[in-house]
Amino acid sequence: MHYHSNGKFPHKRHIQFRKPDGSLYSEELFSTQGFGNVASLLYRCYPPTQIMQVGEPRDIAPKLIHDKQLKHRSLRGFDISAEDDYIESRKPVLVNKDCAIILAAPRKSMTEYFFKNADADEVIFIHKGSGTLRTMYGNLPFAYGDYLVIPRGTIYQIHFDSEDNRLFIVESHSPVVTPKRYRNQFGQLLEHSPFCERDIRKPEELETHDVKGDFLMYIKKQNNLYPYHYMSHPFDVVGWDGYLYPYAFSIHDFEPITGRVHLPPPTHQTFEGAGFVICSFVPRLYDYHPDSIPAPYNHSNIDSDEVLYYVDGDFMSRKHVVQGQITLHPGGIPHGPHPGTVEKSIGKKETGELAVMVDTFRPLLMTEHAAEIEDKEYFRSWLADT
Ligand SMILES: [Fe+2]
Numbered sequence: 000m001h002y003h004s005n006g007k008f009p010h011k012r013h014i015q016f017r018k019p020d021g022s023l024y025s026e027e028l029f030s031t032q033g034f035g036n037v038a039s040l041l042y043r044c045y046p047p048t049q050i051m052q053v054g055e056p057r058d059i060a061p062k063l064i065h066d067k068q069l070k071h072r073s074l075r076g077f078d079i080s081a082e083d084d085y086i087e088s089r090k091p092v093l094v095n096k097d098c099a100i101i102l103a104a105p106r107k108s109m110t111e112y113f114f115k116n117a118d119a120d121e122v123i124f125i126h127k128g129s130g131t132l133r134t135m136y137g138n139l140p141f142a143y144g145d146y147l148v149i150p151r152g153t154i155y156q157i158h159f160d161s162e163d164n165r166l167f168i169v170e171s172h173s174p175v176v177t178p179k180r181y182r183n184q185f186g187q188l189l190e191h192s193p194f195c196e197r198d199i200r201k202p203e204e205l206e207t208h209d210v211k212g213d214f215l216m217y218i219k220k221q222n223n224l225y226p227y228h229y230m231s232h233p234f235d236v237v238g239w240d241g242y243l244y245p246y247a248f249s250i251h252d253f254e255p256i257t258g259r260v261h262l263p264p265p266t267h268q269t270f271e272g273a274g275f276v277i278c279s280f281v282p283r284l285y286d287y288h289p290d291s292i293p294a295p296y297n298h299s300n301i302d303s304d305e306v307l308y309y310v311d312g313d314f315m316s317r318k319h320v321v322q323g324q325i326t327l328h329p330g331g332i333p334h335g336p337h338p339g340t341v342e343k344s345i346g347k348k349e350t351g352e353l354a355v356m357v358d359t360f361r362p363l364l365m366t367e368h369a370a371e372i373e374d375k376e377y378f379r380s381w382l383a384d385t
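Residue numbers for the sequence shown, in numbering that gives the first Met the number 0: 0 to 385.
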């Protein structure tokens, strides 16, 4: 993203910066991909290295099922059971070496511990619920339709306003960025980008907790969860600046690109990581050529697995779609509009559909959680009599 700062920090990097009592603040460089990518410089009340105790790790690796069948899948996402605890609530459903797609319905705010995902960047799409993402960079209020983009290593807590929360999460083993074709050489979003810097909400309210004690942080690394006890509050930052921080972007701020005839999914692209893209399907005007067919054509996206997560509205090319449903259309076999939806789409002026799509360039594998919520007959749903 671009340069941002919060709180107070010295006029030059790596120089003395003192507290009112004369002692030094503790400087921390938070860098990514060695020293070769975006970084931020944080100033803490205490060194971030004061570990009191490390507990036994817990394996939280996704449990894959041994079902290699090549077929279209459908998952009832809202059938994933709600859990009080945030970490417990995160249930991976589709995974590969580049990313993991996780469903979560957490009831309670995180108040007893902090969380740090050292494995992956996270994109948390808020399907239901609102609250505040509290981080070491400051707080980010969120609501329905927000993508929360959290770089790996960010220490955070999520506080929810109610118990009715539904999250669609993508974990990425590479940095999540906005599409390169929408940025100039300096990183600024170009005029033809479907969103711009004003749509990106950055952490503002910085809470500085100058407190010592026993602070539990769960660190996720190599699919293990490590309980760390630190001697100082993880949110003891008095100021920071740089290019690395979490941010929010609302799907409702995505300005759709439309055309006279059907435009392909890349026009909906919002984010990308190595090996996948994330797209936003939002309410928009339909194609306006007099003979246009708004419904998509059948397609063999031969090298990609295509995941659609249905959020809201009528999805024009699908029948029997419900909120929270996931469809997986794997590479290797074609998919397309359901019977009757092509004719039905002709002459329609607009759609109110809202969905998030994840296209991966490696095949996705099903987990045990996915098998529990699968509609096993979905692959037959293109037959005319269904
Ligand atoms: Fe498709």
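We put the beta carbon where it would ideally sit given N, CA and C, even for glycine. Note that the coordinates shown come from a computational prediction; the quantities given were computed from them, not determined experimentally.
Taken in chain order, the complete beta strand (DSSP E) segments of 3 residues or longer contained in the segment 196-223 are 211-220. Here phenylalanine 159 is buried: its Cβ has 16 or more other Cβ atoms, across all protein chains shown, within 10 Å. Following the DSSP letters along the chain, one finds isoleucine 86 inside the alpha helix (DSSP H) bounded by residues 85-88. Val176 is the residue among Val176, Ala103, Glu87 whose C-alpha sits nearest the C-alpha of phenylalanine 275. Three or more beta-carbon pairs drawn from the segment 326-343 and the segment 299-306 are found closer than 8 Å, and the two stretches are therefore classed as touching.
Between aspartate 78 and lysine 107, the C-beta gap is not smaller than 8 Å, which leaves the two residues out of contact. In the three-state reduction of the DSSP assignment, tyrosine 377 falls in the helix class, which pools H, G and I. The beta carbon of phenylalanine 280 sits closer than 6 Å to the beta carbons of His267, Glu352, Ala354 from its chain, once the five residues preceding and following it are set aside; these are given in chain order.
Counting other Cβ atoms within 10 Å of its Cβ, aspartate 58 stays below 16 and is therefore classed as exposed.
Counting along the chain, the unbroken alpha helix (DSSP H) around glutamate 371 starts and ends at 367-371. Taking C-alpha positions only, leucine 63 is separated from tyrosine 112 by approximately 28 Å. With respect to the 8 Å criterion, glycine 238 and lysine 7 are classified as neighbours on the basis of their beta carbons. Looking at the backbone, the Cα of histidine 337 and that of proline 295 are separated by about 10 Å. Around ligand 1, the residues selected by a Cβ distance under 7 Å to any of its heavy atoms are Pro264, Pro295, His298, Asn300, Glu305, His328, His334, following chain order. Between glutamate 254 and phenylalanine 194 the beta-carbon gap is near 6 Å, inside 8 Å, which marks them as a contact. DSSP, read as helix, strand or coil, puts threonine 269 in strand.
Judged by DSSP in its simplified three-state form, arginine 106 adopts coil rather than helix or strand. Contact check for proline 233 against methionine 216 passes: the beta carbons are separated by less than 8 Å.
Here the alpha carbon of proline 264 sits roughly 19 Å from the alpha carbon of valine 320. In this chain, the alpha helix (DSSP H) harbouring lysine 343 covers 340-344. Inclusion of leucine 243 and valine 37 in the CB contact set at 8 Å is warranted, their separation being smaller than that value. Residue environment analysis places isoleucine 218 among the buried positions, since at least 16 neighbouring C-beta atoms fall within 10 angstroms of its C-beta. Checking the DSSP bridge columns, you'll see glycine 76 has no partner listed.
If you draw a 10 Å sphere on the C-beta of alanine 369, you find 16 or more other C-beta atoms in it, and that means buried. Between arginine 43 and serine 22, the CB-CB gap reaches or exceeds 8 Å.
Remark: C-beta atoms of methionine 51 and histidine 208 do not approach each other more closely than 8 Å. Following the DSSP letters along the chain, one finds alanine 60 in no beta strand (DSSP E), marked with neither H nor E. Under DSSP, the beta-bridge partners assigned to cysteine 278 are Gln268, Met356.
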